[in-house]
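A.B. asks:
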Amino acid sequence: MVKIEGKYKEVMDRTEWVAIATCGENGPHVVATWGDYVRALDTKDNEVIVVPAGHYNITEENLKKNNRVELLIASRQIEGTYGPGQGCCISGIGELQTSGKFARMAKEKFPWARGALVVTVKEINNQL
Ligand SMILES: Cc1cc2nc3c(=O)[nH]c(=O)nc-3n(C[C@H](O)[C@H](O)[C@H](O)COP(=O)(O)O)c2cc1C
Numbered sequence: 001m002v003k004i005e006g007k008y009k010e011v012m013d014r015t016e017w018v019a020i021a022t023c024g025e026n027g028p029h030v031v032a033t034w035g036d037y038v039r040a041l042d043t044k045d046n047e048v049i050v051v052p053a054g055h056y057n058i059t060e061e062n063l064k065k066n067n068r069v070e071l072l073i074a075s076r077q078i079e080g081t082y083g084p085g086q087g088c089c090i091s092g093i094g095e096l097q098t099s100g101k102f103a104r105m106a107k108e109k110f111p112w113a114r115g116a117l118v119v120t121v122k123e124i125n126n127q128l
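Per the working numbering, the sequence shown runs over residues 1 to 128.
Now the structure itself:
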């Protein structure tokens, strides 16, 4: 298991939004969430990312057929290799959960959520 810590955590703490890509039958599918939302659902173990799911219907269907997911986060406020700005690509396994502790957490903080998109982190790489 890979943890979101050190420089990766700094980027996660500052990213304004998060891109979330899954594989569909007709190609890639990209959605998003706000960085604030992910930080509000911080599990503290830094291995699981929990996102409040209001919609994510196509994402859910894609994950049932292929559970691989990639997230992209970035902030200009974090120093990268070449100057200000760092971004990280997070690869993991995703599931849309409508019950269980993560779904409860999401519904408590975000009454509009029908559940949680739960990503178990497998790999992280800096992009800059
Ligand atoms: C910056 C940003 C943040 C978003 N945050 C959420 C979110 O937290 N939860 C959510 O369900 N959809 C969010 N959306 C909408 C999704 O990107 C997506 O369009 C919608 O959930 C439909 O998903 P689907 O195409 O997988 O059915 C956000 C979109 C943007 C651009």
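Every residue gets a Cβ at the ideal spot worked out from N, C-alpha and C, and that includes glycine.
Whole angstroms are fine: how far does the CA of residue 57 sit from the CA of residue 50?
C.D. replies: When rounded, the distance between both Cα atoms is 16 Å.
A.B. asks: By a C-beta neighbour count over all protein chains shown, 10 Å radius and 16 as the cutoff for buried, is residue 59 buried or exposed?
C.D. replies: Taking all protein chains shown into account, residue 59 has 16 or more neighbouring C-beta atoms within 10 Å of its C-beta and is therefore buried.
A.B. asks: Under 9 Å between the Cβ atoms of residue 88 and residue 62?
C.D. replies: Taking 9 Å as the Cβ cut-off, residue 88 and residue 62 do not qualify as a contacting pair.
A.B. asks: With three or more C-beta pairs closer than 8 Å as the rule, is the segment 8–21 touching the segment 70–84?
C.D. replies: yes
A.B. asks: Kindly indicate which residue of 92, 106, 6 has the alpha-carbon position closest to the one of residue 98.
C.D. replies: 106
A.B. asks: For residue 128 and residue 12, what's the separation of their Cα atoms in angstroms?
C.D. replies: C-alpha separation (whole angstroms): 15 Å.
A.B. asks: How would you label residue 27, buried or exposed, when you count the other beta carbons within 10 angstroms and need 16 or more for buried?
C.D. replies: With fewer than 16 Cβ atoms within 10 Å of its Cβ, residue 27 is classed as exposed.
A.B. asks: Can you give me the Cβ contacts of residue 14 inside the same chain, cut-off strictly under 7 Å, excluding the 5 residues immediately before and after it?
C.D. replies: 75, 77, 78
A.B. asks: Would you mind giving the Cβ-Cβ distance between residue 53 and residue 104, rounded to the nearest angstrom? I have them listed as a contact below 8 Å.
C.D. replies: Residue 53 to residue 104, Cβ: 13 Å. No contact.
A.B. asks: Taking the beta strand (DSSP E) that residue 85 falls in, what are its first and last residues?
C.D. replies: 84–97
A.B. asks: State the Cα-Cα distance for the pair residue 83 and residue 39, rounded to the nearest angstrom.
C.D. replies: Rounded to the nearest angstrom, the two C-alpha atoms are 25 Å apart.
A.B. asks: Could one say the Cβ of residue 20 lies closer than 9 Å to chain D's Cβ atoms, at least one of them?
C.D. replies: Structure shown: chain D not included; a single protein chain is present.
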